[in-house]
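Read through the structure below, which is laid out as structure tokens, and then see the notes.
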């Protein structure tokens, strides 16, 4: 509430976060799965005393370092910038609630980076046994980084006991912590295999290339055979209200989140099936014919699958940024009743900057920016114009009053947060929204 608003026309602020996050996830997951990949393939080279495999591992490690420590770190910083601009209240709450967890994550991350650099720059400078030990240590540090981050990510959907205790460890070790950790590890192994295919297809030695291409394809097996089981475990821990919203939701498709989630669910299943068939009929059954260009196409398919699945996971907690605690617009659930009595604009200091308090339409625009733009744009992604349709100001007032979580007839219950403002502000917002309706030019 007490932060300046960041307006992103067309796609909206959340999609800025989404685009950066999808790329970062695909890179950062490689940082963990790729660590396991390096440790295992180097162990194979050590056991076989195969210099050809050692040459490949050394080349792959350079690719690994560039992707994870340069591109991965850059997109990670970009995420922090974007979330602090789009959702400053949510970001601030996570930092304040998990200060110790973030400190632990930082220590593990620094150790992970130091080990990664030591691993790459110590090639041919230390014994093979010690170099293999560095690979194992890197994988351990990367998993520990994941263990902390996973707790904070899952907390946002299932805060559990934290809602009552506000004890950080209750928030980290929440109901979906373990199933989510296993799912992410399986996905990370699959992504490591995809990245491995990119470098393996560049090998000139045909016998080695065929062996490594088939080896890389096997890294996708855990996510497809064990992933569905762990996913069912994960879904059993998700709030039942959320699942009902996803699978029943709003019956009027084309307007609400249900239709979007349904399409995303189907797309995720189709893409996952495509990746499975791609991996089986491509690098596994036909490693000789699997080329570098096909490997890049395979990675693009993996990126699309990862992005769709992550987007669905984010949507599960709507209309909250922290489920049951803070709505996606940064308003805490406990604040709503007070704001309905006292008004929103009286407390939102930045909303009154450069605003004429006598202009109800201008105040209504500020109310829209602070309470609706966390999910909607004016006429872009989730256009508020389309949602409002042909409603007049009076109908919009009724619409805003209808969006009460206590109202069982509210079709947007569990999807859109309630409007947190008094009677006068409800009319201000309605006046602004009504002004967005295209003027009738036929008369």
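Numbering (the numbering used here), first residue to last: 714 to 1156.
A virtual CB, placed ideally from N, CA and C, is assigned to each residue, including glycine.
I'd like to know if residue 836 contacts chain D, where contact means its C-beta is closer than 8 Å to some C-beta of that chain. This model lacks chain D altogether; it includes just one protein chain.
Excluding the 5 residues preceding and the 5 following residue 862 in the sequence, name in chain order all residues of the same chain whose CB lies nearer than 7 Å to its CB. In the chain shown, the residue the question calls residue 862 occupies position 149. Cβ within range, chain order: 818.
How is the alpha helix (DSSP H) around residue 943 delimited, first residue to last? The residue given as residue 943 occupies position 230 in the chain shown. 940-950 is the span of the alpha helix (DSSP H), which, as asked, contains residue 943.
Using a threshold of 8 Å, state whether the C-beta atoms of residue 792 and residue 865 are closer than that. Translated into positions along the chain shown, residue 792 becomes position 79. Translated into positions along the chain shown, residue 865 becomes position 152. The answer is no: Cβ separation not under 8 Å.
Alpha carbon to alpha carbon, how far is residue 1088 from residue 970? Give it in angstroms, no decimals. One-based indexing of the chain shown puts residue 970 at position 257. One-based indexing of the chain shown puts residue 1088 at position 375. The pLDDT assigned to residue 970 is 45, lower than 50, so where the model puts this residue is not dependable, and the model offers no usable value.
Note the first and the last residue of the continuous beta strand (DSSP E) segment covering residue 1034. Locating residue 1034 in the chain shown gives position 321, where the first residue counts as 1. That run of the beta strand (DSSP E) goes 1033-1035.
Since residue 1065 is in the alpha helix (DSSP H), which residue starts that stretch and which ends it? As a first step, residue 1065 must be located in the chain shown, where it is residue number 352. Per DSSP, residue 1065 belongs to no alpha helix (DSSP H) and is neither H nor E.
Could you tell me the boundaries of the alpha helix (DSSP H) in which residue 1122 lies? Residue mapping note: residue 1122 aligns to position 409 of the chain shown, counting from 1. That residue, residue 1122, is in no alpha helix (DSSP H); it is neither H nor E in DSSP.
On a CA-only basis, which of 916, 957, 907 is nearest residue 933? Give me that one, please. Looking up residue 933 in the chain shown gives position 220. Of the candidates 916, 957, 907, the one whose C-alpha sits nearest the C-alpha of residue 933 is 907.
Going by DSSP in three states, residue 854 sits in which element: helix, strand or coil? Counting from one through the chain shown, the residue named residue 854 turns up at place 141. Three-state result, residue 854: helix.
Decide if residue 1126 is buried, meaning its Cβ has at least 16 other Cβ atoms within 10 Å, or exposed. The residue labelled residue 1126 in the question sits at position 413 within the chain shown. By the 10 Å Cβ count, residue 1126 comes out buried.
Between which two residues does the alpha helix (DSSP H) carrying residue 737 extend? Position 24 of the chain shown, counting from 1, holds the residue named residue 737. Its alpha helix (DSSP H) spans residues 726-761.
Beta-carbon contacts of residue 876 that lie in its chain and below 7 Å, excluding the five residues immediately before and after: Within the chain shown, the letter at position 163 stands for residue 876. 1037, 1038.
Starting from residue 834, trace the alpha helix (DSSP H) both ways and give me its first and last residue. The sequence position of residue 834 within the chain shown is 121, counting from 1. 812-834 is the extent of the alpha helix (DSSP H) around residue 834.
For the alpha helix (DSSP H) that contains residue 1008, what are its first and last residues? Locating residue 1008 in the chain shown gives position 295, where the first residue counts as 1. Here the alpha helix (DSSP H) through residue 1008 covers 1005-1028.
Name the one or two DSSP bridge partners that residue 1039 has. Numbered from its first residue, the chain shown carries residue 1039 at position 326. Beta-bridge pairing links residue 1039 to 1035, 1045.
Starting from residue 1096, follow its DSSP beta bridges and name the residues at the other end. As a working note, residue 1096 is residue 383 in the chain shown. According to DSSP, which records beta bridges pairwise, residue 1096 is partnered with 1090.
Pull up the distance between the alpha-carbon of residue 790 and that of residue 815, whole angstroms please. Taking the first residue of the chain shown as 1, we reach residue 790 at position 77. Taking the first residue of the chain shown as 1, we reach residue 815 at position 102. Taking the straight line joining both Cα atoms gives about 14 Å.
Please look up how many angstroms separate the CB atoms of residue 803 and residue 1034, rounded, as I've assumed it's under 8 Å. The residue given as residue 803 occupies position 90 in the chain shown. The residue given as residue 1034 occupies position 321 in the chain shown. Correct: roughly 4 Å between the Cβ atoms.
As a quick exercise: from 772, 767, 829, pick the residue whose alpha carbon is nearest that of residue 781. Translated into the one-based positions of the chain shown, residue 781 becomes position 68. The candidate whose alpha carbon is nearest that of residue 781 is 829.
Please classify residue 1084 as buried or exposed, where buried requires at least 16 other C-beta atoms within 10 Å of its C-beta. Position 371 of the chain shown, counted from the first residue, corresponds to residue 1084. Buried is the call here.
Between the C-alpha atoms of residue 1130 and residue 1028, what's the straight-line distance to the nearest angstrom? Mapped onto the chain shown, residue 1130 falls at position 417. Mapped onto the chain shown, residue 1028 falls at position 315. So the alpha carbons of these two residues sit roughly 14 Å apart.
Which of helix, strand or coil DSSP assigns to residue 1059: The residue labelled residue 1059 in the question sits at position 346 within the chain shown. Three-state result, residue 1059: coil.
How would you label residue 1113, buried or exposed, when you count the other beta carbons within 10 angstroms and need 16 or more for buried? Numbered from its first residue, the chain shown carries residue 1113 at position 400. Buried is the call here.
Roughly how many whole angstroms lie between the Cα atoms of residue 812 and residue 857? The count along the chain shown starts at 1 and reaches residue 812 at position 99. The count along the chain shown starts at 1 and reaches residue 857 at position 144. Roughly 17 Å separates the two Cα atoms.
Would you identify the three-state DSSP class for residue 716, choosing helix, strand or coil? Residue 716 sits at position 3 when you count from the first residue of the chain shown. Of the three classes helix, strand and coil, the one that applies to residue 716 here is coil, per DSSP.
Just tell me which of 848, 910, 950, 882 has its CA closest to the CA of residue 991. In the chain shown, the residue the question calls residue 991 occupies position 278. If we check each option's Cα against that of residue 991, 910 comes out closest.
Of the listed residues 872, 999, 978, nearest to residue 926 (C-alpha basis): Reading the chain shown from its first residue, position 213 is the one you call residue 926. Here the closest residue by C-alpha is 999.
Thinking C-alpha only, which one of 851, 1001, 729 is nearest residue 822? To locate residue 822, count along the chain shown from 1; it is residue 109. Comparing Cα positions, the closest option is 851.
How would you write the range of the alpha helix (DSSP H) that residue 778 sits in, first residue to last? Start at 1 with the first residue of the chain shown, and residue 778 comes out as number 65. Its alpha helix (DSSP H) spans residues 764-778.
Contact defined as beta carbons within less than 8 Å: I believe residue 716 pairs with residue 778. What is the distance between those atoms, to the nearest angstrom? Numbered from its first residue, the chain shown carries residue 716 at position 3. Numbered from its first residue, the chain shown carries residue 778 at position 65. Not confirmed; about 37 Å, so no contact.
Evaluate residue 1151 with the Cβ neighbour count: other Cβ atoms within 10 Å of its Cβ, from every protein chain shown; 16 or more gives buried, anything less gives exposed. For the purposes of this step, residue 1151 is taken as the residue at position 438 of the chain shown. Classification of residue 1151: exposed, given that the 10 Å Cβ count is below 16.
Nearest-angstrom Cα distance between residue 759 and residue 922? The sequence position of residue 759 within the chain shown is 46, counting from 1. The sequence position of residue 922 within the chain shown is 209, counting from 1. Using only the alpha carbons, I get a separation of about 18 Å.
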